[in-house]
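Trainee:
2 protein chains.
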Amino acid sequence: MTIPPQLTAKERLQQFLMKQIAAGELIPGNSLPSERKLASDFQLSRNSVREVMQSLQQNNLVETTQGGRSRCQNLLQPHLEMPKSVEMSLALQLDVMEMRAFLEGEAAYYCALRATDEQLRLLKIEYQAMQQRRRGQSTLHKAKADLTFHMMIAESSHHLLLISFSQLFYARYFNAIHEVLSTTLKRYGRYPDGIGRQHEKIHKAIQARNAEQARLEASEHILYTRRLLEAS
Amino acid sequence: MTIPPQLTAKERLQQFLMKQIAAGELIPGNSLPSERKLASDFQLSRNSVREVMQSLQQNNLVETTQGGRSRCQNLLQPHLEMPKSVEMSLALQLDVMEMRAFLEGEAAYYCALRATDEQLRLLKIEYQAMQQRRRGQSTLHKAKADLTFHMMIAESSHHLLLISFSQLFYARYFNAIHEVLSTTLKRYGRYPDGIGRQHEKIHKAIQARNAEQARLEASEHILYTRRLLEAS
DNA sequence: ATCGTCATTTGGTAAGACCAGTTTAAGACT
DNA sequence: AGTCTTAAACTGGTCTTACCAAATGACGAT
Numbered sequence: 001m002t003i004p005p006q007l008t009a010k011e012r013l014q015q016f017l018m019k020q021i022a023a024g025e026l027i028p029g030n031s032l033p034s035e036r037k038l039a040s041d042f043q044l045s046r047n048s049v050r051e052v053m054q055s056l057q058q059n060n061l062v063e064t065t066q067g068g069r070s071r072c073q074n075l076l077q078p079h080l081e082m083p084k085s086v087e088m089s090l091a092l093q094l095d096v097m098e099m100r101a102f103l104e105g106e107a108a109y110y111c112a113l114r115a116t117d118e119q120l121r122l123l124k125i126e127y128q129a130m131q132q133r134r135r136g137q138s139t140l141h142k143a144k145a146d147l148t149f150h151m152m153i154a155e156s157s158h159h160l161l162l163i164s165f166s167q168l169f170y171a172r173y174f175n176a177i178h179e180v181l182s183t184t185l186k187r188y189g190r191y192p193d194g195i196g197r198q199h200e201k202i203h204k205a206i207q208a209r210n211a212e213q214a215r216l217e218a219s220e221h222i223l224y225t226r227r228l229l230e231a232s
Numbered sequence: 233m234t235i236p237p238q239l240t241a242k243e244r245l246q247q248f249l250m251k252q253i254a255a256g257e258l259i260p261g262n263s264l265p266s267e268r269k270l271a272s273d274f275q276l277s278r279n280s281v282r283e284v285m286q287s288l289q290q291n292n293l294v295e296t297t298q299g300g301r302s303r304c305q306n307l308l309q310p311h312l313e314m315p316k317s318v319e320m321s322l323a324l325q326l327d328v329m330e331m332r333a334f335l336e337g338e339a340a341y342y343c344a345l346r347a348t349d350e351q352l353r354l355l356k357i358e359y360q361a362m363q364q365r366r367r368g369q370s371t372l373h374k375a376k377a378d379l380t381f382h383m384m385i386a387e388s389s390h391h392l393l394l395i396s397f398s399q400l401f402y403a404r405y406f407n408a409i410h411e412v413l414s415t416t417l418k419r420y421g422r423y424p425d426g427i428g429r430q431h432e433k434i435h436k437a438i439q440a441r442n443a444e445q446a447r448l449e450a451s452e453h454i455l456y457t458r459r460l461l462e463a464s
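Sequence lines, in order, name chains A and B. Under our numbering, the residue at position 104 of the first sequence is numbered 104, and the numbers go up by one with no gaps. Under our numbering, the residue at position 54 of the second sequence is numbered 286, and the numbers go up by one with no gaps.
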């Protein structure tokens with residue numbers, strides 16, 4: 001029986017960081033621990049840590065700038081370009097919402113399944129703050145807060161591809177989502193009551209770690225908004 | 233008119249090494265200047281040099297081992313696998329020789345065109361030493377000396393792909409070449425006179441920097457040997 | 001020509017220092 | 001409460017010196 005050779009500290013650091021990335025623990029756009037901290041944690045010199053970081057950079061996993069913090073890259077970014085020139089027809093807006101139903105359903109499912117206790121705690125705080133802030137906010141602010149909440153769920157899902165795709169998807173279609181909200185507000189004169197309650201249901205299912213329920217509520221939430229839009 | 237930004241010393245080192253490789257100045261298998269020497273030459277710290285070297289390693293241009301010297305890699309090595317299992321028939325041996333005629337013709341051409349004075353000087357020394365050594369040598373030694381001479385020509389051609397391909401080609405087909413020589417010696421009882429003179433003609437054309445003539449002589453040399461083999 | 005030994009050279013890593021760029025915290029102001 | 005300015009702190013980039021482990025080369029003996 002062959003015994004795998006002992007890894008050097010550099011190899012262990014490389015493996016650790018790559019595993020963190022693969023496990024969705026390091027969110028694209030977020031910073032990594034500093035070189036000095038990793039050096040201390042792994043009993044390495046900063047130069048050795050830098051060599052590992054450079055390797056990750058060259059594999060497009062990480063980007064660094066002098067003085068700024070090293071950041072995790074979105075792995076899909078170089079390979080997936082959302083279509084730009086297509087006009088935002090109603091049909092396309094409905095398509096976007098169907099995609100959201102899928103994305104946010106899955107995000108809620110995995111968030112309920114995998115989020116750490118700390119992540120759930122932060123999610124609760126964000127949800128409560130969002131409730132407080134809802135009064136008196138513009139449409140744009142409401143759309144942004146909504147998106148922040150859903151991105152936070154995605155980022156707590158520990159699902160690398162889900163997180164990566166969601167980031168690109170929302171970066172591209174945020175305007176479409178904002179338009180949908182504006183259209184809905186214009187038609188009903190106010191935020192439809194159902195939506196507030198739906199957010200609450202999603203949040204409750206996640207906090208209760210009920211994965212199937214969270215998926216259902218999140219998906220239903222978007223599909224409900226889709227029906228409102230279709231009826232316009 | 234846009235002025236290209238000033239390169240950092242690290243970028244200059246990287247560019248310098250990559251240009252050396254591309255220009256066939258760094259022969260696959262040969263060592264690179266040491267880290268300490270490059271650091272001194274480019275006014276960089278060894279750590280900065282190491283970062284550049286690591287980048288080249290990761291791009292499969294260079295390989296290093298502790299204590300050993302950094303070496304240039306054969307760029308074709310990972311992409312080109314000579315067929316292994318095919319039996320060395322006479323037909324294949326003739327094919328190998330036709331390939332040699334092309335390779336060594338081109339190598340002689342570019343060597344005559346591009347070899348530095350120093351390279352020509354070393355080539356003359358090797359040729360003269362080869363003449364001296366020819367007496368009393370075994371077939372294997374003669375085949376090796378012949379190969380060394382032709383590889384030296386290739387390595388002085390400053391043609392990266394020619395050098396790379398020649399290395400892989402000869403590593404693979406050395407036995408076939410050796411067999412050809414054995415067969416020829418067996419048939420004629422001795423090295424055919426023409427071959428010695430042909431080497432001389434090749435060498436003279438190269439030293440005279442007559443590229444077209446060098447190509448002709450080198451190609452003819454192999455085709456002549458091919459005819460001898462075919463007549464077996 | 002080959003082998004063993006030893007000195008030298010080489011790559012690998014560590015520790016500390018300094019520089020340049022970015023980020024954050026604190027205080028003032030509105 | 002929000003914004004702006006400034007200074008401190010933190011970060012990445014590079015350097016210097018030192019030491020360790022592995023490979024290479026020179027030299028002498030056989």
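For each residue, glycine too, the CB sits at the ideal point set by N, CA and C. Predicted model, so just to flag it, every value in this text is computed and none were measured.
1) When the distance is taken between beta carbons, is S396(B) closer than 8 Å to L355(B)?
2) Comparing alpha-carbon positions, which option in E452(B), H373(B), L460(B) lies nearest V412(B)?
3) Counting C-beta neighbours from all protein chains within 10 Å, is the total for M1(A) 16 or more, i.e. buried, or is it exposed?
4) Counting contacts by CB-CB distance shorter than 8 Å, is S302(B) in contact with chain A?
5) For a quick check, are the C-beta atoms of I454(B) and E267(B) less than 8 Å apart?
6) Are A241(B) and L276(B) touching if we call contact CB-CB under 8 Å?
7) Decide if L393(B) is buried, meaning its Cβ has at least 16 other Cβ atoms within 10 Å, or exposed.
8) Residue range of the alpha helix (DSSP H) that R233(A) falls in?
9) Are the C-beta atoms of R244(B) and some chain A residue less than 8 Å apart?
10) Assuming Y402(B) contacts M383(B) (C-beta within less than 8 Å), just tell me the rounded distance between them.
11) Relative to the C-alpha of N306(B), which residue among A463(B), Q439(B), S321(B), V294(B) is closest?
12) Are the CB atoms of I385(B) and A340(B) within a distance shorter than 8 Å?
13) How long is the line joining the alpha carbons of R353(B) and Q445(B), rounded to whole angstroms?
14) What residue range is occupied by the uninterrupted alpha helix (DSSP H) comprising N306(B)?
15) Can you give the Cα-Cα distance for Y188(A) and I177(A), rounded to whole angstroms?
16) Can you tell me whether G68(A) is buried or exposed? The criterion is at least 16 other CB atoms within 10 Å of its CB, across all chains shown.
17) I need the boundaries of the alpha helix (DSSP H) containing R69(A), first residue and last residue.
18) Taking C-beta to C-beta, are Q58(A) and Q246(B) nearer than 8 Å?
19) In chain order, what residues of the same chain have a beta carbon less than 7 Å from the beta carbon of M130(A), not counting five sequence neighbours either side?
20) Can you round the beta-carbon distance between T457(B) and M331(B) to whole angstroms, since I take them to be within the 8 Å contact cut?
21) Compare the C-beta of N47(A) against all C-beta atoms of chain B and say whether one is closer than 8 Å.
22) Would you check if the distance between the CB atom of A440(B) and the CB atom of E449(B) is smaller than 8 Å?
23) Can you check whether the CB of R215(A) is closer than 8 Å to the CB of E106(A)?
24) Would you report the Cα separation of L308(B) and Y110(A), rounded to the nearest angstrom?
25) In chain order, what residues of the same chain lie with their CB nearer than 7 Å to the CB of Q20(A), ignoring the 5 residues before and after it?
26) List the residues of chain A whose Cβ lies closer than 8 Å to the Cβ of E283(B), in chain order.
Mentor: Considering the structure as presented:
1) As a working mapping, residue 355(B) is identified with position 123 in the second sequence. As a working mapping, residue 396(B) is identified with position 164 in the second sequence. No, the Cβ-Cβ distance between L355(B) and S396(B) is not below 8 Å.
2) Residue 412(B) sits at position 180 when you count from the first residue of the second sequence. It is L460(B).
3) Translated into the one-based positions of the first sequence, residue 1(A) becomes position 1. Its pLDDT being 47, under 50, M1(A) is placed unreliably by the model, and nothing is read from it.
4) For the purposes of this step, residue 302(B) is identified with residue 70 of the second sequence, where counting begins at 1. No, no contact with chain A.
5) Sequence index remark: in the second sequence, residue 454(B) carries index 222 (1-based). Sequence index remark: in the second sequence, residue 267(B) carries index 35 (1-based). It is not a contact, given that the beta carbons lie outside the stated cut-off.
6) Within the second sequence, the letter at position 9 stands for residue 241(B). Within the second sequence, the letter at position 44 stands for residue 276(B). Yes; because the gap between Cβ atoms is below 8 Å, this pair is in contact.
7) Taking the first residue of the second sequence as position 1, residue 393(B) is located at position 161. Classification for L393(B): exposed.
8) What the structure shows of chain A is the stretch from 1 to 232, and residue 233(A) is not part of that stretch, so it cannot be assessed.
9) Position 12 of the second sequence holds residue 244(B). Not an interface residue.
10) Walking along the second sequence from the start, residue 402(B) turns up at place 170. Walking along the second sequence from the start, residue 383(B) turns up at place 151. About 7 Å separates the two Cβ atoms, so the contact holds.
11) As a position in the second sequence, residue 306(B) is number 74, starting the count at 1. Comparing Cα positions, the closest option is V294(B).
12) Position 108 of the second sequence, counted from the start, is the residue given in the question as residue 340(B). Position 153 of the second sequence, counted from the start, is the residue given in the question as residue 385(B). Closer than 8 Å, so yes.
13) As a first step, residue 353(B) is located in the second sequence; it is residue number 121 there, counting from the start. As a first step, residue 445(B) is located in the second sequence; it is residue number 213 there, counting from the start. Roughly 19 Å between the two C-alpha positions.
14) Indexing the second sequence from 1 puts residue 306(B) at position 74. It is not in any alpha helix (DSSP H) - N306(B) carries neither H nor E in the DSSP assignment.
15) If you number the first sequence from 1, residue 188(A) lands on position 188. If you number the first sequence from 1, residue 177(A) lands on position 177. Each residue's alpha carbon lies about 17 Å from the other.
16) Working through the first sequence from its first residue, we reach residue 68(A) at position 68. Under this definition G68(A) is an exposed residue.
17) In the first sequence, the residue the question calls residue 69(A) occupies position 69. Run containing R69(A): none; DSSP gives neither H nor E here.
18) Along the first sequence, one-based indexing puts residue 58(A) at 58. Along the second sequence, one-based indexing puts residue 246(B) at 14. No, the pair does not count as a contact, with Cβ atoms beyond the cut-off.
19) Numbered from its first residue, the first sequence carries residue 130(A) at position 130. A145, F149, listed in sequence order.
20) The residue given as residue 457(B) occupies position 225 in the second sequence. The residue given as residue 331(B) occupies position 99 in the second sequence. About 13 Å separates the two Cβ atoms, so there is no contact after all.
21) Counting from one through the first sequence, the residue named residue 47(A) turns up at place 47. Closer than 8 Å to some Cβ of chain B, the Cβ of N47(A) qualifies, so yes.
22) Here residue 440(B) refers to the residue found at position 208 when the second sequence is read from its first residue. Here residue 449(B) refers to the residue found at position 217 when the second sequence is read from its first residue. No, Cβ-Cβ distance for A440(B) and E449(B) is not below 8 Å.
23) Mapped onto the first sequence, residue 106(A) falls at position 106. Mapped onto the first sequence, residue 215(A) falls at position 215. Closer than 8 Å, so yes.
24) One-based indexing of the second sequence puts residue 308(B) at position 76. One-based indexing of the first sequence puts residue 110(A) at position 110. Taking the straight line from one Cα to the other gives about 45 Å.
25) Walking along the first sequence from the start, residue 20(A) turns up at place 20. Around Q20(A): L26.
26) Locating residue 283(B) in the second sequence gives position 51, counting from the first residue. Per Cβ cutoff of 8 Å: R50, E51, Q54.
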